[in-house]
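K.L.:
Numbering (the working numbering), first residue to last: 1367 to 1756. Before we start, here is the structure in question, set down as C-alpha cells.
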Amino acid sequence: MTSMTTVEIGAIERELRQLWSESAEKAPDGQAVIRALTLNLIACTHDAAHADRMTDAIQQLTASHPSRAILALLQPDAPEPRLDGFVQANCLLSRRGTPQVCGEQITLDARGSAVQQVASLILALLVPDLPVVLWLSHPDPFADPLLTRLRSVVDRVIVNSQAFAHPTKELVHMAELERAVSSGGLALHTFAISDLTWASLTAWRELTAQFFDTRPLLPHLRRIDHVTITYQAPGGANNPVAGLLFAGWLASSLAWVPLEDAVSIEAAQIRFHLRRPAVGVGPDAIRLVTIDLCPVEAAIGVTPGMLALHLEALDGVTASFRVDRTETPGYALTTATIAGMEPISRLARCEEPGLADLLAAELRLRHRDQTFSDALRVAGLLAARLRWDM
C-alpha cells in the first residue's frame, strides 16, 4: 500500500506525522500500523526513469529493511532552479489480524542551482542513531559532490560498477578508495563500499566453490592453470567489470599474483598472466596461470552478467570444471571432468536477482565485506593494466 502527498520542503516532518496518523486511521479491520525504521537509506540519481525503479526497489525492501528512505533526483543542468518534496508511506500487505509494517520515503526533486541545497536538507532529515547508507546510482558515483558532503555521516556507500561511465578507470578508483577507507586513511569516520555487480556474482561464486567441497576434487583447486570467464557486457563489449571482479575473487582466494604488464588483448578478448605456487615442487616454485575474459554483448532486454566459467588444471592429472548458464532462467549446468573418470554434471539453481534482492543482500552486511575488499584489490590491479580509459 502506498500513499503520496506533495509538500513544502520545510513541512516534511509535519507532513510525515500527519501521514502516519492517517495511515493508522485507514488501516483495515483495525490493524495496528507499525512504523519500523531500521536505517536511513539515501538514494541518489540523475535520471527520472531510474528514480522510479529505485522507488520500486525501496518499496520491496520494506519486507526486510523498513527505512527512512530519502530519494534525491538531482538534475543540475535544468535551466530553472526548483526544489520539490514528496512524502509517502511504504506498507506491507499483512495477514488479517497481524500488524502492518511500514517504512517511509521522502522524495526530493532538485533542479538547477537548487541541487546545492540537497545535502544540507538530507542531513536535517536523517533519523538519529540509525545507520546511514548512501546508494549512488549514476555513471560517475565517486565524483558526486553529495558523497563529499555526506561522507562524515555515511556508514556504507552502494554503487553499481556495471553502470560506470568509464569502467576500468572507476574500478581502479573504487579499489583505491576501498583501500583508503578500510585503513582509516581518509578520516576518522570511514564507510564501507558495496557493489551491486559484486552481489550479482554470489551464485556463481557459490557454484564454483561447491566443486571443491568434496575431498576427491579438492586437490585440483590448487592446480588450476587456466580460467575462461565468459560474460554479457552492458552497453558493448568494453565493460569487463563483472569478469574482473570474478577474476579478482579467484586470484585473491588462491594467492595468485598478477604479473606486471602481462596482459594481451585480441579483438574483445582479454588475457591476464598471473603466477601461483607450484604444487609438489618446492616452497619457492611458481607456475603461470592465465585468465581469459571473453565478453559477449548483451542483447536488449537481457540482464548483463556471467554466461560461463571454465577452470582447467593441466599439470599432472588434467581436470576441468565448468559452469554454464542454461536457457532456463535461474539455472546453470555444472560439470566436473577428471582424467580417467566419467564427467559429473548437475543442474543447479543460479538465481538472477533483481535490484531489490541485490540491495537487500548488501544491506544485511553489518561490517566491511573482507572477501569483496580482497577481490576488489586484485581486480583494481588487473584493471590498471588495461589502461583503456585511464
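Beta carbons are placed, not taken as given, at the ideal position from N, Cα and C, and that holds for glycine.
How is residue 1672 classed by DSSP in three states: helix, strand or coil?
P.N.:
If you number the sequence shown from 1, residue 1672 lands on position 306. Residue 1672 falls in the strand class under three-state DSSP.
K.L.:
How big is the Cα-Cα spacing for residue 1625 and residue 1641?
P.N.:
Residue 1625 sits at position 259 when you count from the first residue of the sequence shown. Residue 1641 sits at position 275 when you count from the first residue of the sequence shown. If you take the alpha carbons of residue 1625 and residue 1641, they lie about 7 Å apart.
K.L.:
With DSSP as the reference, label residue 1504 as helix, strand or coil.
P.N.:
The residue labelled residue 1504 in the question sits at position 138 within the sequence shown. Residue 1504 falls in the coil class under three-state DSSP.
K.L.:
Since residue 1540 and residue 1527 are thought to touch, with beta carbons under 8 Å apart, how far apart are those beta carbons, to the nearest angstrom?
P.N.:
Taking the sequence shown and counting its residues from 1, one reaches residue 1540 at position 174. Taking the sequence shown and counting its residues from 1, one reaches residue 1527 at position 161. Yes, residue 1540 and residue 1527 are in contact; Cβ-Cβ is about 7 Å, under 8 Å.
K.L.:
What residue range does the beta strand (DSSP E) around residue 1580 cover?
P.N.:
Counting from 1 along the sequence shown, the entry for residue 1580 is found at position 214. Note, residue 1580: premise wrong, no beta strand (DSSP E); not H, not E.
K.L.:
Pull up the distance between the alpha-carbon of residue 1628 and that of residue 1679, whole angstroms please.
P.N.:
Residue 1628 sits at position 262 when you count from the first residue of the sequence shown. Residue 1679 sits at position 313 when you count from the first residue of the sequence shown. Those two C-alpha atoms are separated by around 20 Å.
K.L.:
Looking at C-alpha atoms only, which residue of 1514, 1699, 1637 is the closest neighbour of residue 1709?
P.N.:
Residue mapping note: residue 1709 aligns to position 343 of the sequence shown, counting from 1. Of the candidates 1514, 1699, 1637, the one whose C-alpha sits nearest the C-alpha of residue 1709 is 1699.
K.L.:
Excluding the 5 residues preceding and the 5 following residue 1497 in the sequence, name in chain order all residues of the same chain whose CB lies nearer than 6 Å to its CB.
P.N.:
In the sequence shown, residue 1497 corresponds to position 131, counting from 1. So the list reads 1405, 1521, once near-sequence residues are dropped.
K.L.:
Report all residues from its chain with a CB closer than 6 Å to the CB of residue 1705; omit the five preceding and five following residues, and keep chain order.
P.N.:
Position 339 of the sequence shown, counted from the first residue, corresponds to residue 1705. Result list for residue 1705: 1683, 1684, in chain order.
K.L.:
Tell me the residue span of the beta strand (DSSP E) that contains residue 1474.
P.N.:
As a first step, residue 1474 is located in the sequence shown; it is residue number 108 there, counting from the start. Unbroken beta strand (DSSP E) run through residue 1474: 1466 to 1477.
K.L.:
Alpha carbon to alpha carbon, how far is residue 1565 from residue 1727? Give it in angstroms, no decimals.
P.N.:
Position 361 of the sequence shown, counted from the first residue, corresponds to residue 1727. Position 199 of the sequence shown, counted from the first residue, corresponds to residue 1565. For residue 1727 and residue 1565, the distance between alpha carbons rounds to 7 Å.
K.L.:
In the DSSP output, what is residue 1679 paired with across the bridge?
P.N.:
As a first step, residue 1679 must be located in the sequence shown, where it is residue number 313. According to DSSP, which records beta bridges pairwise, residue 1679 is partnered with 1685.
K.L.:
How about residue 1610 and residue 1714: are their beta carbons less than 7 Å apart?
P.N.:
For the purposes of this step, residue 1610 is identified with residue 244 of the sequence shown, where counting begins at 1. For the purposes of this step, residue 1714 is identified with residue 348 of the sequence shown, where counting begins at 1. No, Cβ-Cβ distance for residue 1610 and residue 1714 is not below 7 Å.
K.L.:
Can you tell me the Cα-Cα spacing of residue 1608 and residue 1672, whole angstroms?
P.N.:
Position 242 of the sequence shown, counted from the first residue, corresponds to residue 1608. Position 306 of the sequence shown, counted from the first residue, corresponds to residue 1672. One C-alpha to the other measures close to 7 Å.
K.L.:
Looking at residue 1618 and residue 1740, is the spacing between their C-beta atoms short of 7 Å?
P.N.:
Within the sequence shown, numbered from 1, the residue matching residue 1740 stands at position 374. Within the sequence shown, numbered from 1, the residue matching residue 1618 stands at position 252. Going by C-beta atoms, residue 1740 is nearer than 7 Å to residue 1618.
K.L.:
Closer than 8 Å by C-beta to residue 1662: which residues in its own chain qualify, once you throw out the five before and the five after it? Chain order, please.
P.N.:
For this step, residue 1662 is matched to residue 296 along the sequence shown. If we look at residue 1662 and ignore the five residues flanking it on each side, its Cβ neighbours are 1596, 1597, 1598, 1599, 1603, 1673.
K.L.:
Note the first and the last residue of the continuous alpha helix (DSSP H) segment covering residue 1416.
P.N.:
For this step, residue 1416 is matched to residue 50 along the sequence shown. Segment 1414 to 1427, the alpha helix (DSSP H) holding residue 1416.
K.L.:
Tell me which same chain residues have a C-beta within less than 6 Å of the C-beta of residue 1441, skipping the five on either side of it?
P.N.:
What you label residue 1441 is simply residue 75 of the sequence shown in a count that begins at 1. The answer, listed in chain order, is 1477.
K.L.:
Just to confirm before moving on: does the CB-CB distance between residue 1436 and residue 1472 stay below 7 Å?
P.N.:
Against the sequence shown, residue 1436 aligns to sequence position 70. Against the sequence shown, residue 1472 aligns to sequence position 106. Here residue 1436 is near residue 1472, since their CB atoms are less than 7 Å apart.
K.L.:
Just the C-alpha distance for residue 1384 and residue 1430, rounded to the nearest angstrom, thanks.
P.N.:
For this step, residue 1384 is matched to residue 18 along the sequence shown. For this step, residue 1430 is matched to residue 64 along the sequence shown. Their backbone Cα atoms lie some 25 Å apart in a straight line.
K.L.:
Compute the Euclidean distance between the alpha carbons of residue 1707 and residue 1689, then round it to the nearest angstrom.
P.N.:
Reading the sequence shown from its first residue, position 341 is the one you call residue 1707. Reading the sequence shown from its first residue, position 323 is the one you call residue 1689. One C-alpha to the other measures close to 18 Å.
K.L.:
Let's test the definition: count the other Cβ atoms within 10 Å of the Cβ of residue 1733 and tell me whether it reaches 16, buried, or not, exposed.
P.N.:
Working through the sequence shown from its first residue, we reach residue 1733 at position 367. It counts as exposed.
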